[in-house]
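K.L.:
My questions will all concern the structure given below.
In our numbering, the protein residues as written are 48 to 490.
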């Protein structure tokens, strides 16, 4: 089948590569010449395990192309997927300018039936606005061409996006047209062959499903962090509590790991946008506001522990392990590391940071900031540091050489924002250990 994807960011590239890998012919359209040039040279502008080889394979096979030419894209695909960004506006609402601009572009160039699909995470009612935008563009041309608008939200986890697309938990399709539903069923059939995971619903329910999913997961994270802060004050161990409640199948173990709060491009933006959408229909979404408030506070927890230990942070040197908001990505949008680093630098401390893949992104963000340097290895970041802070739970941080850490650090102190280590082991290693919801082990 012939597919066009507007937007060559995270969602667009993963979707395009996976659809092409199933044998479809895909054209990805973007307005950024630098990005299109990179992709046409075989370079991938984001880090996602396996994506570079998949793009290379399908580009060489002629099933995946990248272009700046919007008309070429509209002419190409029966399916016109909108996967452009919807950044938060000043009031927290999703900015739909790019989505609607693509819709108008499709209407301005289409000459035959198209299925216009929103992949971007958008507020309820956006598909109606897309339908109007396409219709107005057609009307301005004085032509009448049939088209359908569909909500087809993505459910991709950064770091595991290819597996999520190739073997989805569900494929949500919002459409009121049975014919369009069958076209989408055909498109996604290679990915749902062993079990029908397609869920057909009305458009507005599909739009809300995406926001509801992300808001629910963000709620679990904030709730667990709230419990962790209580556990610390009660003298309980949140890791024991986590196992105790996770064994209940009604709760489960997913997304109940305490830490430094959620980040990335989805949860912060989507919780905020859903709360704003609630206001627009005169409803106060109290839980969503609390989720957001707890998350903001949680990102300060590690710095407060440092200040409680050292007093003044001026002149202190902190080794920071982990910059990306989660493992297996270089995405630092809304990352807890940024809140911690900003607080340390503002307090007069110095930072020696390491991340397996996000250093280039961090150097871009902190290009003009004095007081921060980037190390080539986790061990190198420890040299001359007063303490170690663990911010992202990369696999390589799980079993370090604790004897070396104790010897290299000026003071044997670890601030663990991801509860990677056993407090009893840290006590035996004579390392003072601050974790989340677990108290402190004496050195």
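For each residue, glycine too, the CB sits at the ideal point set by N, CA and C.
With DSSP as the reference, label residue 442 as helix, strand or coil.
P.N.:
Translated into the one-based positions of the chain shown, residue 442 becomes position 395. Of the three classes helix, strand and coil, the one that applies to residue 442 here is helix, per DSSP.
K.L.:
Are there three or more Cβ pairs, one per stretch, closer than 8 Å when the region 108 to 125 is compared with the region 63 to 73?
P.N.:
Flag = yes, the region 108 to 125 and the region 63 to 73 touch.
K.L.:
Compute the beta-carbon to beta-carbon distance between residue 311 and residue 214, rounded to the nearest angstrom, for a pair I have assumed lies under 8 Å.
P.N.:
For the purposes of this step, residue 311 is taken as residue 264 along the chain shown, with counting starting at 1. For the purposes of this step, residue 214 is taken as residue 167 along the chain shown, with counting starting at 1. With 8 Å as the limit, residue 311 and residue 214 do not qualify as a contact, their Cβ atoms being about 22 Å apart.
K.L.:
Could you tell me how far apart the beta carbons of residue 185 and residue 192 are, in whole angstroms, since I believe they sit closer than 8 Å?
P.N.:
Position 138 of the chain shown, counted from the start, is the residue given in the question as residue 185. Position 145 of the chain shown, counted from the start, is the residue given in the question as residue 192. Yes, residue 185 and residue 192 are in contact; Cβ-Cβ is about 6 Å, under 8 Å.
K.L.:
Which word fits residue 287, buried or exposed, when buried means at least 16 other C-beta atoms lie within 10 angstroms of its C-beta?
P.N.:
The sequence position of residue 287 within the chain shown is 240, counting from 1. By the 10 Å Cβ count, residue 287 comes out exposed.
K.L.:
For the candidate residues 467, 474, 432, whose alpha-carbon lies nearest to that of residue 457?
P.N.:
Numbered from its first residue, the chain shown carries residue 457 at position 410. Nearest of 467, 474, 432 to residue 457, Cα basis: 432.
K.L.:
Looking only at DSSP bridge pairs, what is residue 248 linked to?
P.N.:
Here residue 248 is taken as the residue at index 201 of the chain shown, counted from 1. Paired residues: 221.
K.L.:
Taking just the CA atoms, how far does residue 82 sit from residue 113?
P.N.:
Position 66 of the chain shown holds residue 113. Position 35 of the chain shown holds residue 82. Rounded to the nearest angstrom, the two C-alpha atoms are 9 Å apart.
K.L.:
Comparing alpha-carbon positions, which option in 423, 418, 376, 389 lies nearest residue 91?
P.N.:
In the chain shown, the residue the question calls residue 91 occupies position 44. Here the closest residue by C-alpha is 376.
K.L.:
Inspect the beta-carbon positions of residue 145 and residue 404 and report whether they are closer than 7 Å.
P.N.:
Counted from its first residue, the chain shown places residue 145 at position 98. Counted from its first residue, the chain shown places residue 404 at position 357. It is not a contact, given that the beta carbons lie outside the stated cut-off.
K.L.:
Measuring only the C-alpha atoms, how far is residue 265 from residue 321?
P.N.:
What you label residue 265 is simply residue 218 of the chain shown in a count that begins at 1. What you label residue 321 is simply residue 274 of the chain shown in a count that begins at 1. Cα-Cα distance, rounded: 12 Å.
K.L.:
DSSP state of residue 334, grouped into three classes?
P.N.:
Here residue 334 refers to the residue found at position 287 of the chain shown. Residue state, collapsed to three classes: helix.
K.L.:
According to DSSP, is residue 420 part of a helix, a strand, or is it coil?
P.N.:
The sequence position of residue 420 within the chain shown is 373, counting from 1. Here residue 420 sits in strand by DSSP.
K.L.:
Measuring straight from C-alpha to C-alpha, what distance separates residue 152 and residue 51?
P.N.:
Counting from 1 along the chain shown, the entry for residue 152 is found at position 105. Counting from 1 along the chain shown, the entry for residue 51 is found at position 4. Taking the straight line joining both Cα atoms gives about 13 Å.
K.L.:
What is the DSSP secondary structure of residue 401, reduced to helix, strand or coil?
P.N.:
Position 354 of the chain shown, counting from 1, holds the residue named residue 401. In the structure shown, residue 401 sits in a strand (DSSP, three-state: E or B).
K.L.:
On the CB-based measure, 16 or more other CB atoms within 10 Å of its CB, does residue 64 come out buried or exposed?
P.N.:
The residue you call residue 64 lines up with position 17 of the chain shown. Burial call: buried.
K.L.:
Hey, could you find the ends of the beta strand (DSSP E) residue 174 is sitting in?
P.N.:
Counting from 1 along the chain shown, the entry for residue 174 is found at position 127. First-last for residue 174: 173 to 188, but that is the alpha helix (DSSP H), not the beta strand (DSSP E).
K.L.:
Thinking just about the alpha-carbon of each residue, which of 315, 284, 225, 252 is nearest to the one in residue 268?
P.N.:
What you label residue 268 is simply residue 221 of the chain shown in a count that begins at 1. Among 315, 284, 225, 252, the Cα nearest to that of residue 268 is on 315.
K.L.:
Could you check what DSSP says for residue 112 in three-state terms: helix, strand or coil?
P.N.:
Indexing the chain shown from 1 puts residue 112 at position 65. Residue state, collapsed to three classes: strand.
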